[in-house]
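Peer 1:
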Amino acid sequence: MFNLLFSGDDEAFLGQPWELKRDRVFEYTSEAIRNQFQELNSQQISRLCNFPTLLAYERGINQNARLGKIDHIRIRQTEVRIEYSFIEGLPEITPAQLKDLEWELDIAEFEFNRTHWAVKDVDLAAELISAGLMSKEQVDALNGECRAIFIANGPDQSVQVQPSVFRMPEGQIEHDLVSVMFPFNEAFYPVFNLVERAGKDLGLRVLNANQVWNESEIIQDIFSLIFRSKFVICDFSTRNPNVFYEAGIAHTLGRPVIPIVQNVEDIPFDLRHHRHIVYLNNDQGRLLLLKKIKLRMQTLAGRGQP
């Protein structure tokens, strides 16, 4: 997780404490996270101070965002005062770079126009490293306290996966390969064809599980396909349990997932706060989906290895 502080005051983050109205606290934060911190008691404040913090300015203020940490939080009846410090040795993030990362950092469009404090369920260090805006070496060079903030919430906290249901494939990620997981129903093939078209325009190979038969067990082919993929597109429409399972495999392997869905209620509750694309499965709706998903695929295709 990380703290996201947005201000419309061009002198807000010059080192002095930042004051915020109580009703702006935890805006654009998922309900599950708000429930963890809404009392702002001493234990919750201690946890919040252990998250990395991104201090950014609203749209129209041409100042870079900076990385820091919250040192102290003071609560009054109608306001909150946040004392913070910047983490030296880490790069600043330009407004354009931050806008390009709105999906990865789970920043909604209107957040750029709203002074508020949000807490995002995102691995900030991993996303900045993946985007080429920060290096692991820069994190490793930080002093103990600052480094611990990123390590505790960052890419070093990896889980060693040794599946028992299927075999771990040999080989590496194929950076031109995209896998698509969707309900195997004729109604969804026009959607797959559209994603395949977007991939071809970007020089990517787009495959689904029906196009792969290398193993005797279909689950092994699915696992291998996801393992080799640069990223995975999951259509959660109709709440298909197979797609839920395949999305779980992708998340476990650390592959970026692009969720698409016809009805947002079909997205599992614990994934609903992540950015997703809602579409209509008709000619006009699929054309709009093509435009949106192509932009997202282009962004992920330009990234380094997840």
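Residue 217 is where the sequence shown starts when you use our numbering, and the numbers rise one by one after that. Backbone N, C-alpha and C define an ideal beta-carbon position, used for all residues, glycine too.
#1: If you draw a straight line from the C-alpha of F222 to the C-alpha of H332, how long is it?
#2: Between the C-alpha atoms of A414 and D486, what's the straight-line distance to the nearest angstrom?
#3: Assign E304 to one of two classes, buried (16 or more other C-beta atoms within 10 Å of its C-beta) or exposed (fewer than that).
#4: Are P307 and L349 close, meaning C-beta to C-beta below 8 angstroms?
#5: Leaving aside the five residues before and after P399 along the sequence, list all residues of the same chain whose C-beta is less than 6 angstroms from its C-beta, in chain order.
#6: Less than 8 angstroms between the CB atoms is what I'm expecting for P385 and F447, so what's the real figure, rounded?
#7: Can you give the beta carbon distance from I509 to I483, rounded, assuming they're within the 8 angstroms contact cut?
#8: Could you compute how far the alpha carbon of K507 sits from the alpha carbon of Q514?
#9: Let me know if I465 comes out buried or exposed under the rule of 16 or more other beta-carbons within 10 Å of its beta-carbon.
#10: Determine the DSSP secondary structure at F326, reduced to helix, strand or coil.
#11: DSSP state of P371, grouped into three classes?
#12: Can you tell which of R290, F242, L236 has the C-alpha that lies nearest to the C-alpha of S262?
#13: Assign T269 to one of three DSSP states: helix, strand, or coil.
#14: With a cut-off of 8 angstroms, do at least 3 Cβ pairs link the region 402-416 to the region 429-440?
#15: Where S351 and A342 are concerned, what is the direct C-alpha to C-alpha distance, given to the nearest angstrom?
#16: Does DSSP classify M217 as helix, strand or coil?
#17: Can you tell me which residues form a DSSP beta bridge with A334?
#18: Are the Cβ atoms of I249 and C265 separated by less than 8 angstroms?
#19: Within 10 angstroms of its Cβ, does V241 collect 16 or more other Cβ (buried), or is it exposed?
#20: How many Å lie between R275 and R491 at the Cα?
#21: Quick one: Cα of L423 to Cα of D322, how far?
#22: Please report the distance separating the alpha-carbon of K237 from that of G231.
#23: Suppose contacts are defined by Cβ-Cβ distances below 8 angstroms. Is M217 in contact with V335 by that definition?
#24: Provide the residue(s) that pair with H288 in DSSP beta bridges, ordered along the chain.
#25: With which residues is E390 paired in a DSSP beta bridge?
#26: Under 8 angstroms by Cβ, that's how I've got E243 and R330 pegged, so tell me the actual separation to the nearest angstrom.
#27: Would DSSP call V477 helix, strand or coil?
#28: I'd like to confirm something about N280: is its beta-carbon nearer than 7 angstroms to some heavy atom of the ligand FAD, or not?
#29: Using alpha carbons as the reference points, say which of V396, V296, F408, F267 lies closest to L503.
#30: Which residues in the same chain have their Cβ closer than 7 angstroms to the Cβ of L314, if we skip the five residues on either side of it in sequence?
Peer 2: Answer, in terms of the structure:
#1: 5 angstroms
#2: 28 angstroms
#3: By the 16-neighbour rule on beta-carbons within 10 angstroms, E304 is exposed.
#4: Going by C-beta atoms, P307 is nearer than 8 angstroms to L349.
#5: If we look at P399 and ignore the five residues flanking it on each side, its Cβ neighbours are T454, N456.
#6: Not a contact, Cβ separation roughly 17 angstroms.
#7: Not really, about 16 angstroms apart at Cβ, beyond 8 angstroms.
#8: So the alpha carbons of these two residues sit roughly 11 angstroms apart.
#9: The residue in question, I465, is buried, as its Cβ has 16 or more Cβ neighbours within 10 Å.
#10: helix
#11: Here the model assigns P371 a pLDDT of 41, short of 50, so the residue's position is not dependable, and the following value carries that caveat. Residue state, collapsed to three classes: coil.
#12: R290
#13: strand
#14: no
#15: Their backbone Cα atoms lie some 9 angstroms apart in a straight line.
#16: coil
#17: Note: A334 is bridge-paired with L220 in the DSSP secondary-structure output.
#18: no
#19: buried
#20: 20 angstroms
#21: 27 angstroms
#22: 19 angstroms
#23: yes
#24: E299
#25: S445
#26: 7 angstroms
#27: strand
#28: Because no ligand of any kind appears in the structure shown, any question about the ligand FAD cannot be addressed here.
#29: F408
#30: Beyond the five residues adjoining it in sequence on each side, L314 comes within less than 7 angstroms, by CB distance, of A272, A281 in the same chain, given in chain order.
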